[in-house]
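Chemist:
Number of protein chains: 2
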Amino acid sequence: MRQGGPPRASRVDDVNARSTASLVGDTGRGNEAAILNAALAAFGDKGFHGASMRDVARGAGTSLSNLYNYFPSKSRLLAEVLRHANDELVTRLHVAVDDAGDDAVSRMREAVRAYVRFVVDHQLAMVVSTNEVRYLAGEDRERLVVDRDATQAVFEQIVEQGVASGEFRTPFPADAARTVLSALAGVAQWYRPDGRLSRGQLAEQQARYALALLESPLAR
Amino acid sequence: MRQGGPPRASRVDDVNARSTASLVGDTGRGNEAAILNAALAAFGDKGFHGASMRDVARGAGTSLSNLYNYFPSKSRLLAEVLRHANDELVTRLHVAVDDAGDDAVSRMREAVRAYVRFVVDHQLAMVVSTNEVRYLAGEDRERLVVDRDATQAVFEQIVEQGVASGEFRTPFPADAARTVLSALAGVAQWYRPDGRLSRGQLAEQQARYALALLESPLAR
DNA sequence: CGCACACGAACGACTGTTCGTGTGCCAATC
DNA sequence: GATTGGCACACGAACAGTCGTTCGTGTGCG
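Protein chains in written order, with the working numbering: chain E, 1 to 220; chain S, 1001 to 1220.
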């Protein structure tokens, strides 16, 4: 799925600190990481069409033409940014779910927590992911849709498990999972680091909302 | 709040039919309605920065320069589109809530139903509203934020009423209301007219999710 | 040598906006 | 009733700037 380069670190466990973490770590290719992070910042700030390649170059501290030594076009650059963001999210989700208990309530709670933590840590990536995906075309778009379905599948599967075990009573598990994800994606749109709730409190709150929405009888 | 021109029709009761209703009816000013609707279509299709004034003119069946006889700039055109969309939504919400019973559960259910119906009837308007607001600046932006707060206030008030009366048990009513709204706004992002659920079923389903999220003990 | 990375300059296309002009309708004036 | 003025609406052409992308060239390392 991913081509060469050293593995991207996605350590979910060193969970504290850094309010502004860069999404993409060193890739082993010159300025690639700086370009990707600058593109994320530019697209997040002005939107895909509102940001120019010159903006990206300036943010990355390199020249305009040099961008094309790394990415063949602006839309491929967007695609790569979104792929990095989605990879990080999916990785965090799987780690969180695998580390959770066997019951659906625990797994859902951990999944929501991990999602919220991702939103807080990489809000810009989340905003770009939801707002700019539609500007992708062709196979870049299709691959992203597939990858996004993987996220949805994690939640769907947990809901189905919970419905089967009686932990959740919601009908139409797939629709309920999608609604939970909509609420979570919405967090990225209004979250502010100086808000009333801490990262942990926000995650806890969203987990409660999700479990309530799924009609978990014994959810606290 | 609104300046001149004949009142816009917003009849919530003739609830059937038209899968593609135009958001803006005749305004009494030449081609204004056609321009606004074309702008909505263009911004919805390509995004604010991706769509050009020439696209809007083509869609409205008029000339590029004529647009400036109606709107002084592209961003003011966006602002007017968003204002029409928000006015329609707020009107529908107030009508629905006023027509509902006195208890919070009924009022919330009707508010959610009205919201979903708006999303279905004017999906493009909803998508543009959520995705392109951030490109507004100055007082256009501020006015839109105020108007959007009015929508949130409707939901917040119902949640608070329900918490006070014991119909809802969720803590932090304002946060819960915002989460419900996030889920509803999300509907506009994935809804397809040829989907499995009818408009009414979708509204019903979202109402159930909302009431469950608010921890309504006797919600069905 | 070749390859990865870096740069400035330039291209043609497209951008939002303005300008000058023209039309036809409605009300005021002769 | 005819003439006038003004206003709302409409158009093509043009402007100055920005866009994504390409080209040619250069450097330094393996």
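Backbone N, C-alpha and C fix where the C-beta goes; we use that ideal spot for every residue, glycine too.
From a predicted model like this one, the values you see are computed outputs, not experimental measurements.
#1: Could you tell me which of S/Arg1113, S/Val1180, S/Gly1166 and S/Pro1171 sits nearest to S/Gln1201, measuring between CA atoms?
#2: Taking only the alpha-carbon atoms, compute the straight-line gap between S/Leu1093 and S/Tyr1115 and give it to the nearest angstrom.
#3: From this set, S/Pro1193, S/Ala1188 and S/Glu1167, which residue's C-alpha is nearest S/Ala1212's C-alpha?
#4: Locate the alpha helix (DSSP H) running through S/Ser986, then write down its first and last residues.
#5: Using the beta-carbon of each residue, which ones in chain S are nearer than 8 angstroms to E/Gln123?
#6: Listing by chain order, which chain S residues have their CB less than 9 angstroms from the CB of E/Tyr135?
#7: Can you tell me the Cα-Cα spacing of S/Pro1006 and S/Ser1022, whole angstroms?
#8: Looking at chain S, which residues of the region 152 to 171 of chain E have a Cβ within less than 8 angstroms of any of its Cβ atoms?
#9: With respect to the alpha helix (DSSP H) encompassing S/Gly1059, which residues constitute its N-terminal and C-terminal limits?
#10: Measuring only the C-alpha atoms, how far is E/Glu204 from S/Gly1030?
#11: Just to confirm the assignment, what range does the alpha helix (DSSP H) spanning S/Phe1155 have?
#12: Can you name the residues of chain S whose CB is closer than 7 angstroms to the CB of E/Asn131?
#13: Does S/Tyr1135 come out as helix, strand or coil in the three-state DSSP assignment?
#14: At the level of alpha carbons, what is the spacing between E/Val119 and E/Ala207?
#15: Taking 9 angstroms as the CB-CB cut-off, is S/Ser1075 touching chain E?
#16: Tell me, please, whether the CB atom of E/Leu197 is closer than 9 angstroms to any CB atom in chain S?
#17: Can you check which of these residues, S/Pro1193, S/Leu1181 and S/Leu1197, is closest to S/Met1108 by C-alpha distance?
#18: Does S/Arg1178 have its Cβ less than 9 angstroms from a Cβ in chain E?
#19: Whole angstroms are fine: how far does the CA of S/Asp1149 sit from the CA of S/Arg1134?
#20: Roughly how many whole angstroms lie between the Cα atoms of S/Ser1073 and S/Ala1079?
#21: Where does S/Ala1096 land, buried or exposed, given buried means 16+ other C-beta within 10 angstroms?
#22: How big is the Cα-Cα spacing for E/Gly50 and S/Leu1082?
#23: Taking the alpha-carbon of S/Val1127 as reference, which of S/Thr1027, S/Gly1061, S/Ala1185 and S/Ala1176 has the nearest alpha-carbon?
#24: Once you ignore the five residues that flank E/Val12 on each side, which residues in its own chain have a CB closer than 6 angstroms to its CB?
#25: May I ask you to report which of helix, strand or coil DSSP gives S/Leu1064?
#26: Could you tell me the distance, in whole angstroms, from the CA atom of S/Ala961 to the CA atom of S/Phe1048?
#27: If you reduce the DSSP assignment to three classes, tell me which class E/Asn37 lands in.
#28: Between which two residues does the alpha helix (DSSP H) carrying E/Arg199 extend?
#29: Considering just the uninterrupted stretch of the alpha helix (DSSP H) at E/Ser106, what are its terminal residues?
#30: May I ask you to report which of helix, strand or coil DSSP gives S/Ser1216?
#31: Where do the ends of the alpha helix (DSSP H) carrying E/Thr179 lie?
#32: Going straight from the alpha carbon of S/Ala1104 to that of S/Leu1089, what length do you get?
#33: Inspect the CB distances between the region 1169 to 1180 of chain S and the region 1145 to 1161 of chain S and report whether three or more fall short of 8 angstroms.
#34: Taking 8 angstroms as the limit between beta carbons, can you name the residues of its chain near E/Glu132, skipping five residues before and five after?
#35: Is S/Glu1142 close to chain E, meaning its C-beta is less than 9 angstroms from at least one C-beta of that chain?
Modeler: So, to answer that:
#1: Reading the second sequence from its first residue, position 201 is the one you call residue 1201 of chain S. Minimum Cα distance to S/Gln1201 is reached at S/Arg1113.
#2: Position 93 of the second sequence, counted from the first residue, corresponds to residue 1093 of chain S. Position 115 of the second sequence, counted from the first residue, corresponds to residue 1115 of chain S. Cα-Cα distance, rounded: 7 angstroms.
#3: Reading the second sequence from its first residue, position 212 is the one you call residue 1212 of chain S. Of the candidates S/Pro1193, S/Ala1188 and S/Glu1167, S/Glu1167 places its Cα closest to the Cα of S/Ala1212.
#4: Any answer about residue 986 of chain S is impossible in this case: the structure gives chain S only from 1001 up to 1220.
#5: Numbered from its first residue, the first sequence carries residue 123 of chain E at position 123. Result: empty, since nearest Cβ-Cβ is about 13 angstroms, beyond 8 angstroms.
#6: Walking along the first sequence from the start, residue 135 of chain E turns up at place 135. Under the 9 angstroms cutoff, chain S gives Lys1046, Gly1047 and Gly1050.
#7: Looking up residue 1006 of chain S in the second sequence gives position 6. Looking up residue 1022 of chain S in the second sequence gives position 22. In this predicted model, S/Pro1006 has a pLDDT of only 41, less than 50, meaning its place in the structure is not dependable; the value taken from the coordinates is given anyway. Going from the Cα of S/Pro1006 to the Cα of S/Ser1022 covers about 17 angstroms.
#8: Answer set for the region 152 to 171 of chain E: Thr170.
#9: Numbered from 1 along the second sequence, position 59 holds the residue referred to as residue 1059 of chain S. First-last of the alpha helix (DSSP H) with S/Gly1059: Met1053 to Ala1060.
#10: Working through the first sequence from its first residue, we reach residue 204 of chain E at position 204. Working through the second sequence from its first residue, we reach residue 1030 of chain S at position 30. Per the coordinates, the alpha-carbon of E/Glu204 lies some 54 angstroms from the alpha-carbon of S/Gly1030.
#11: Taking the second sequence and counting its residues from 1, the one referred to as residue 1155 of chain S is at position 155. From DSSP, the alpha helix (DSSP H) with S/Phe1155 extends over Gly1138 to Ser1165.
#12: Translated into the one-based positions of the first sequence, residue 131 of chain E becomes position 131. Going along chain S in sequence order, the residues near E/Asn131 (Cβ under 7 angstroms) are Asn1131.
#13: For the purposes of this step, residue 1135 of chain S is taken as residue 135 along the second sequence, with counting starting at 1. In this structure, S/Tyr1135 counts as helix in the three-state DSSP scheme.
#14: In the first sequence, counting from the first residue as 1, residue 119 of chain E sits at position 119. In the first sequence, counting from the first residue as 1, residue 207 of chain E sits at position 207. Between the alpha carbons of E/Val119 and E/Ala207 lies a gap of roughly 14 angstroms.
#15: As a first step, residue 1075 of chain S is located in the second sequence; it is residue number 75 there, counting from the start. Chain E contact via Cβ: absent.
#16: Indexing the first sequence from 1 puts residue 197 of chain E at position 197. Answer yes: the Cβ-Cβ gap between E/Leu197 and chain S drops below 9 angstroms somewhere.
#17: In the second sequence, the residue the question calls residue 1108 of chain S occupies position 108. If you compare the alpha carbons of S/Pro1193, S/Leu1181 and S/Leu1197 with that of S/Met1108, the shortest gap goes to S/Leu1181.
#18: For the purposes of this step, residue 1178 of chain S is taken as the residue at position 178 of the second sequence. True, the Cβ-Cβ gap to chain E drops below 9 angstroms.
#19: Within the second sequence, the letter at position 134 stands for residue 1134 of chain S. Within the second sequence, the letter at position 149 stands for residue 1149 of chain S. In a straight line, the C-alpha of S/Arg1134 is about 15 angstroms away from that of S/Asp1149.
#20: Numbered from 1 along the second sequence, position 73 holds the residue referred to as residue 1073 of chain S. Numbered from 1 along the second sequence, position 79 holds the residue referred to as residue 1079 of chain S. Spanning the alpha carbons of S/Ser1073 and S/Ala1079 requires a straight line of approximately 10 angstroms.
#21: For the purposes of this step, residue 1096 of chain S is taken as residue 96 along the second sequence, with counting starting at 1. Answer is buried; the Cβ neighbour count reaches 16.
#22: As a working note, residue 50 of chain E is residue 50 in the first sequence. As a working note, residue 1082 of chain S is residue 82 in the second sequence. E/Gly50 and S/Leu1082 have their C-alpha atoms roughly 19 angstroms apart.
#23: The residue given as residue 1127 of chain S occupies position 127 in the second sequence. Of S/Thr1027, S/Gly1061, S/Ala1185 and S/Ala1176, the residue nearest in Cα terms is S/Ala1185.
#24: Here the question's residue 12 of chain E lines up with position 12 in the first sequence. Any reading at E/Val12 must be qualified, since the residue scores a pLDDT of 41, below 50, and its modelled position is unreliable; the value itself is stated next. Annotation for E/Val12: Arg92 and Val95 place their beta carbon closer than 6 angstroms to its own, counting only its chain and skipping 5 residues before and after.
#25: Looking up residue 1064 of chain S in the second sequence gives position 64. Of the three classes helix, strand and coil, the one that applies to S/Leu1064 here is coil, per DSSP.
#26: This structure cannot speak to residue 961 of chain S, because chain S is shown only from 1001 to 1220.
#27: One-based indexing of the first sequence puts residue 37 of chain E at position 37. Helix.
#28: Counted from its first residue, the first sequence places residue 199 of chain E at position 199. Taken as a continuous stretch (DSSP letters only), the alpha helix (DSSP H) holding E/Arg199 covers Arg199 to Leu213.
#29: Numbered from its first residue, the first sequence carries residue 106 of chain E at position 106. For E/Ser106, the enclosing alpha helix (DSSP H) starts and ends at Ala104 to Asp121.
#30: Sequence index remark: in the second sequence, residue 1216 of chain S carries index 216 (1-based). Here S/Ser1216 sits in coil by DSSP.
#31: The residue you call residue 179 of chain E lines up with position 179 of the first sequence. From DSSP, the alpha helix (DSSP H) with E/Thr179 extends over Pro173 to Trp190.
#32: Residue mapping note: residue 1104 of chain S aligns to position 104 of the second sequence, counting from 1. Residue mapping note: residue 1089 of chain S aligns to position 89 of the second sequence, counting from 1. Approximately 20 angstroms between the Cα atoms of the pair.
#33: Yes: at least three Cβ pairs fall under 8 angstroms.
#34: To locate residue 132 of chain E, count along the first sequence from 1; it is residue 132. The answer, listed in chain order, is Phe43, Gly47, Phe48, Leu78 and Leu82.
#35: Numbered from 1 along the second sequence, position 142 holds the residue referred to as residue 1142 of chain S. Not an interface residue.
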